[in-house]
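Residue numbers (the numbering used here): 13 to 233.
Here it is, written out as structure tokens:
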């Protein structure tokens, strides 16, 4: 249990954690339901201190504090999957969209094509061996953490522990910010009549025993 002492020594405030980010850095941020709100808002508070910080991610949820108009010149999203947090910024030329298949994303970081200065991730608390689970977002996080220069973990007691090849040991983490926050989620709106009709027609094409790959939004829902 010696890892506990290392873990405790790395616990800092959100403000101190993001102080490691410098102008010109490339910062990877966990996305989807693992979007680390606390750290993103702490980083946004440093706007006037920073220039040309690139934010790389796969679909951030929430209000997108680093993609607001006043952040231009300070932070710029490089989005591998555009969502509501940065759609306006991409459409207005204040952020960049990179067309890519999801299975290709990890190779961007393992190959060195996109070297990462700081990784900001969102994890579950450590287990008895000092391993943190990436929780609900593993897509590119593992590849990034293994190659980033600095790793900041937002450790959330409400993040579920997910099994499989989805763990990082505390020794790989540089800064820890403990939180107790509900995970981001996409709210479901009422389905439109058009969406219902599309769903009806698709349902008639699906055979028993079929495997389905579903996206996000009204039609797949």
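C-beta: ideal position from N, C-alpha, C; glycine also.
All of these numbers come straight from a predicted model, not from anything done at the bench.
Which same chain residues, not among the five before or five after residue i, have their C-beta less than 7 Å away from its C-beta?
| i | result |
| --- | --- |
| residue 53 | 77 |
| residue 114 | 151 |
| residue 13 | none |
What is the C-beta distance between residue i and residue j, in whole angstroms, given that I count them as a contact (C-beta under 8 Å)?
| i | j | result |
| --- | --- | --- |
| residue 71 | residue 30 | Between residue 30 and residue 71 the Cβ distance is about 21 Å, and since that is not below 8 Å, they are no contact. |
| residue 230 | residue 203 | 6 Å |
| residue 167 | residue 135 | 5 Å |
If we count the other Cβ atoms within 10 Å of its Cβ and call it buried at 16 or more, is residue i buried or exposed?
| i | result |
| --- | --- |
| residue 176 | exposed |
| residue 48 | buried |
| residue 149 | buried |
| residue 62 | buried |
| residue 95 | buried |
| residue 98 | buried |
| residue 20 | exposed |
| residue 105 | exposed |
Give every residue of the same chain whose Cβ lies closer than 6 Å to the Cβ of residue i, excluding the five residues on either side of it in the sequence, and list them in chain order.
| i | result |
| --- | --- |
| residue 126 | 120 |
| residue 40 | 68, 128, 131, 156 |
| residue 179 | 143, 145 |
| residue 207 | 230, 231 |
On a Cα-Cα basis, can you pick out the residue from the options that is closest to residue i?
| i | options | result |
| --- | --- | --- |
| residue 66 | 74, 57, 85 | 85 |
| residue 64 | 44, 50, 45, 90 | 90 |
| residue 174 | 147, 225, 57 | 147 |
| residue 199 | 74, 215, 223 | 74 |
Residues in the same chain with beta-carbon distance under 8 Å from residue i, minus the five sequence neighbours each way, listed in chain order, please.
| i | result |
| --- | --- |
| residue 22 | 182, 185, 186, 187, 188 |
Segments assigned alpha helix (DSSP H), at least 4 residues, entirely inside the stretch 23-81:
Within the stretch 23-81, the complete alpha helix (DSSP H) runs of at least 4 residues are 26-29, 49-56.
4 or more residues per run - each alpha helix (DSSP H) lying fully within the stretch 149-201
For the alpha helix (DSSP H) assignment, the uninterrupted runs of no fewer than 4 residues enclosed by the stretch 149-201 are, from N- to C-terminal side, 153-157.
Any beta strand (DSSP E) of 3 or more consecutive residues that is wholly inside the stretch 77-140:
87-91, 130-135, all fully within the stretch 77-140.
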